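In my numbering, the protein residues as written are 134 to 205. From the three backbone atoms N, C-alpha and C, an ideal C-beta is built for every residue, glycine too. Quick caveat, the model's predicted, so the values are computed rather than measured.
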């Protein structure tokens, strides 16, 4: 019925849906900081703590690309 390749679904998920989800997570972090009256320092630490997973994921994607293209 629907003949969509797994590679197509993966590409859509990685390059379209994942950035939308990450933007939503940043909105949630901003909303948490705003509602809790965290101030500048508190907002910074909220973004550092909750954004660390996002940075780790980006680092993983970049390292996979580097290893695939230039090292291996």
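Does DSSP classify residue 164 as helix, strand or coil? helix
I'd like to know whether the C-beta atoms of residue 162 and residue 192 end up nearer to each other than 7 Å. no
Starting from residue 174, trace the alpha helix (DSSP H) in both directions and tell me its first and last residue. 172-199
Beta carbon of residue 155 nearer than 7 Å to that of residue 187: yes
Along the chain, where does the alpha helix (DSSP H) that runs through residue 203 open and close? DSSP places residue 203 outside any alpha helix (DSSP H), giving it a letter other than H or E.
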